[in-house]
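Numbers -20 to -1, 1 to 202, taken from mature numbering (1 follows the signal peptide of the UniProt record, and there is no 0), label the letters of the sequence shown in order. Below is one structure; the comments refer to it alone.
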Amino acid sequence: MSSTLAPIYTLLAFVATGYSLSCTKCLTQGGTTCSGPSVTCASNEVCASLAIRVSIPEMNNVNMFASSCAPQNECDISGGMSFPPSTKVAFASSCCSTDKCTPAPPTLSDANQPNGVVCPACVSMNSDPCKTGDTMKCTGNERMCYSETSTVPGMSGPVSIRGCASKSICDIAISSEASIFKSLNVSSSIKCTNGAFHPHPGFLLPAAIASALITFMLFVRI
């Protein structure tokens, strides 16, 4: 009898203590996969992958790929953001929930049709926030205006951006953690609006990555 109940007792122990997955943690530029050490996730996290594409006029696209642990609310989402000069960031995530599993490759969206939303638009260094009278027409699922200021290690001051964003970026920014990009030590303050500003402190995803890439790619060439 006791041997029959042993698997049940084991399962109950996992539930009571919170079973933790092991997942690969890595970050690469220019690839669609990456390799790295296996890390132990928190009990409420799964294995996640994130693909990011940054498009800047007159320059080659920059593709980034990351894998790590992440909470369920960061799984299977996609979206984008746009800011001057015609720069676009697209992202998508995918997850799996077994030990040391590999998530399916995230699929990035190419939607770029105008959606009727117009937002203030600017990018600046050492300014919080950037100020502008310029605007831009939003496309695809980018139906919210955002204002974001990021601090990136090794930079003398903050990078500020205003432009268009998908609701998914704004929703994720509510999270107090940037699970996939904790190791970058990039912090951001993001405000999104479709009429009234609602500040969402956090540091996640393309906002942080975009700031670092903008600094390297956009300002370096000026």
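Built from N, CA and C at the ideal position, the CB exists for glycine as well. Computed from a predicted structure; not experimentally measured.
Report task. Kindly indicate which residue of S35, P51, M124 and F63 has the alpha-carbon position closest to the one of A28. Result -> Comparing Cα positions, the closest option is P51.
**Report entry** Chain-order list of residues whose beta-carbon lies under 7 Å from that of N41 (same chain, five-residue window excluded)
**Finding:** The residues are R33, V34 and S35.
Query - C-alpha distance - M105 paired with E128, whole-angstrom precision - result: Using only the alpha carbons, I get a separation of about 12 Å.
Query - Alpha-carbon spacing of P100 relative to S130, whole angstroms - result: When rounded, the separation of the alpha-carbon atoms in P100 and S130 is 18 Å.
Requested in this report: Pull up the CB-CB distance for S48 and K111, whole angstroms please, since I reckon it's below 8 Å.
Outcome: Actually they do not touch by this definition, with Cβ atoms about 35 Å apart.
Query raised in the report: Nearest to P64 by alpha carbon, out of A22, S77, E54 and V98?
Result: Looking at A22, S77, E54 and V98, the one whose alpha-carbon comes closest to that of P64 is V98.
**Report entry** Residue(s) in a DSSP beta bridge with S104
**Finding:** Partner(s): S140.
**Report entry** Rounded distance between the beta-carbons of M61 and I149, thought under 8 Å
**Finding:** The beta-carbon distance between I149 and M61, rounded to whole angstroms, is 6 Å. This is short enough to meet the 8 Å contact definition.
Report task. Measure the Cβ-Cβ separation of S73 and L30 and say whether it is below 8 Å. Result -> In this structure, L30 lies closer than 8 Å to S73 by Cβ.
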